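With the working numbering applied, the sequence shown covers 545 to 1056. Positions of the beta carbon are idealized from the N, C-alpha and C atoms, including for glycine. Given the structure is predicted, the values throughout are model-derived calculations rather than measurements. Remarks on the structure that follows.
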Amino acid sequence: MQDETTIQQRCRWPQWRERLCSADEAAALITDGMTVGMSGFTRAGEAKAVPLALAERAAQAPLSITLMTGASLGNDLDQRLTEAKVLARRMPFQVDTTLRRAINAGEVMFIDQHLSETVELLRNRQLAELDVAVVEACAITEAGGIVPTNSVGNSASYAILADKVIIELNLDAPAELEGLHDIYIPQMRPTRPPIPVVAPDSRIGTPYIPIDPAKIAAIVVTRGKDSPSTVLPPDADTRRIADHLIGFFAAEVEARRLAPSLLPLQAGIGTMANAVMSGLSDGPFEDLTMYSEVLQDSTFDLLDAGKLAFASGCSITLSEACGARVWPRLDHYRDRLVLRPQELSNHPGIVRRLGIIAINTALEVDIYGNVNSTHVCGTRMMNGIGGSGDFARNAQLSIFVTKSLAKSGDVSSVVPFVSHVDHTEHDVDILVTEHGLADLRGLAPRERAERVIECCADPLYRPALRRYFAEAKARGGHTPHCLEQALAWHLAVERDGHMRRFQDDEALAATA
């Protein structure tokens, strides 16, 4: 009876009972070979019941689909779908270990895309047409509009473009989420007018996804929480990285290139970017704003510290501890938050218009400023490029952070030449490790190399990088390289499992 009352409060569309069904019945609408769009962006707001029902059905009656999402799914859904061999093709982002193994084994065809582009390609019929959309909602409006939960991601366009829509009405999602979203769908090219976002707090759309209710094929009532984020607390290295950035920003304010409120901030997902953003709470900056993808723990740390005035994103992904603090007090934050579709949160034109300061995490960087965000030793996919490319190329300041060492010092994150290029040197302004900050603006390649080596590389590997660069310079060229040695550091990892042969003996002895 309590659920019935809650459903009636949440589901105001008069015909909802005609579409009410079980997760198994809804999953039966998805058949072999279909292209399916599901809600979910970085473990937030994913449909939770229908994907599991689909995996269970596939275990008995094999089927495979193309699955599009906003970004990664929570609650081990990618794992379950992979184990059931449901996924023939997956895009545009993932973080699951089981799925990653299947991708690298060639069992699942993974399309790694800039997160702003997926629905643009879909809308312009450059991808297969969408058969079914499965979207989690916290409410359904009188006209059948879908009120998303903790993420928007690509859900709006999936629901609008799909032939059929399955709605999971999650009664555990906070009712206070209604009114937090700003759904705006760009018009078709070539007559598309400018998107009128002129500040992080601009509201230009509706608080729900407007769809033709005739497309609603099923409503599944669910309960369930998003998976908590797995961010770790800041450590000594991430605090040093944050300190380098705070010092850099302070110098930019002193030089009048930035105001004391800086510019709207974007931060990539994960422990590194979250820890660096949290460090800004100790800085001298006030009235900060964010125009980002994921609003993480650091967003609410800055809001609670009185440092952040407003935050725009496309999902909210919190650790268990932070969620316990935020979700019961969502009304306290509502007037300082907005959630948009990811094609707006990551839109290159808006990023350039607002002058975003983009802070993203690198897997490795090279001495000229190229950044690898995705592939270990050039071949093995980790997660995907995500939205970092949307921001890096168009931000006023494009910053990449990484610890200088990985695998307990066995691998240097600063190398002669990255094994896979996601962000070219042309799109990278600042590199930061725990050892220092390399400002690459206005520098030619030879000048960049010297600065990256001296400011960012760990002392264990700095002498070997200096030797490489000296030999490369002797051979000449605008961007000097020793081609036969350029990937030798990665070959050592492939062969030996480490880069220790490139460590400096004196530096190693000093740290022993």
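| request: To the nearest angstrom, report how far apart PRO595 and ASP576 are at their CA atoms. | output: The straight-line gap from Cα to Cα measures roughly 14 angstroms.
| field | Neighbourhood of TRP557 by C-beta distance below 6 angstroms, restricted to the same chain and skipping five residues each side | value | The beta carbon of TRP557 lies closer than 6 angstroms to those of ILE684, GLY688 in the same chain, with the five residues before and after it left out.
| task | Measure the alpha-carbon distance for ALA865 versus THR815 and round it to whole angstroms. | result | A straight line joining the alpha-carbon of ALA865 with that of THR815 spans about 15 angstroms.
| request: Give the range of the beta strand (DSSP E) segment to which ILE943 is assigned. | output: ILE943 -> beta strand (DSSP E) spans 941-945.
| Who are ILE760's beta bridge partners in DSSP? | DSSP lists VAL709 as partners of ILE760.
| field | Where the beta strand (DSSP E) containing ARG767 begins and where it ends | value | It is not in any beta strand (DSSP E) - ARG767 carries neither H nor E in the DSSP assignment.
| said: Please return the same chain residues whose Cβ sits closer than 7 angstroms to the Cβ of ASP716, not counting the five positions on each side in sequence. | reply: Closer than 7 angstroms at the Cβ level, and outside the excluded window around ASP716, lie ARG767, GLY768, LYS769.
| Where ILE748 and VAL882 are concerned, what is the direct C-alpha to C-alpha distance, given to the nearest angstrom? | The straight-line gap from Cα to Cα measures roughly 11 angstroms.
| request: List the DSSP bridge partners of ALA950. | output: Partner(s): VAL955.
| field | DSSP three-state assignment for ARG990, whether helix, strand or coil | value | Here ARG990 carries a helix assignment [DSSP, helix/strand/coil].
| Sorted by chain position, which residues of the same chain lie with C-beta nearer than 7 angstroms to LEU665's C-beta, five sequence neighbours on each side aside? | Contacts found: LEU671.
| query | When you compare each of VAL915, ILE901, ILE900 to LEU907 by their alpha carbons, which one comes out closest? | reply | It is VAL915 whose Cα lies nearest to the Cα of LEU907.
| field | Three-state secondary structure (DSSP) of LEU680 | value | The displayed chain sequence assigns Glu, not Leu, to residue 680. DSSP, read as helix, strand or coil, puts GLU680 in strand.
| query | Is THR586 helix, strand or coil by DSSP? | reply | In the three-state scheme derived from DSSP, where H, G and I count as helix and E and B as strand, THR586 is classed as coil.
| Under 9 angstroms, do SER699 and GLY857 count as touching if we go by C-beta distance? | Taking C-beta atoms as the reference points, SER699 and GLY857 fail to come closer than 9 angstroms.
| said: Short of 7 angstroms in beta carbon distance, which residues of its chain neighbour ILE647, apart from the five on each side in sequence? Order them along the chain. | reply: These residues qualify, in order along the chain: PHE654, MET925.
| field | Given HIS970 as reference, the closest of ASN938, VAL955, ALA1001, GLU978 once Cα atoms are compared | value | Considering only alpha carbons, the answer is ASN938.
| Spatial distance of ALA743 from PRO808 (CA atoms) | One Cα belongs to ALA743, the other to PRO808, and the distance between them is close to 9 angstroms.
| Can the beta-carbon of ALA811 be found less than 9 angstroms from the beta-carbon of ILE710? | For the 9 angstroms CB-CB criterion, ALA811 and ILE710 do not form a contact.
| query | Does the beta carbon of GLU548 fall short of 8 angstroms from some heavy atom of the ligand PLP? | reply | Among the components of this structure there are no ligands whatsoever, and the ligand PLP is therefore not found.
| Where the beta strand (DSSP E) through VAL909 begins and ends | For VAL909, the enclosing beta strand (DSSP E) stretches over residues 908-910.
| message | For THR861, tell me which candidate among VAL630, ILE813, LEU598, LEU984 has the shortest Cα-Cα distance. | response | The shortest C-alpha to C-alpha distance from THR861 to any of VAL630, ILE813, LEU598, LEU984 is the one to ILE813.
| What number of angstroms, rounded off, separates the C-alpha of HIS1025 from the C-alpha of HIS788? | Cα to Cα, HIS1025 sits roughly 29 angstroms from HIS788.
| said: Taking only three categories from DSSP, how would you classify GLN810? | reply: Residue state for GLN810 is assigned as strand, using DSSP reduced to three classes.
| said: Please classify GLU887 as buried or exposed, where buried requires at least 16 other C-beta atoms within 10 Å of its C-beta. | reply: By the 10 Å Cβ count, GLU887 comes out buried.
| said: So, for SER822: in the same chain, excluding its five sequence neighbours on each side, which residues have a beta-carbon less than 8 angstroms away from its beta-carbon? | reply: Excluding positions up to five away in sequence, the list reads PRO778, ALA786, ASP841, SER842, ASP845, LEU846.
| task | Compare the C-alpha of GLY899 against each of ALA868, SER836, GLY850 and name the closest. | result | When only C-alpha atoms are compared, the closest one is SER836.
| query | Is CYS921 closer than 9 angstroms to SER963 when the C-beta atoms are compared? | reply | Cβ distance < 9 angstroms, so SER963 and CYS921 count as in contact.
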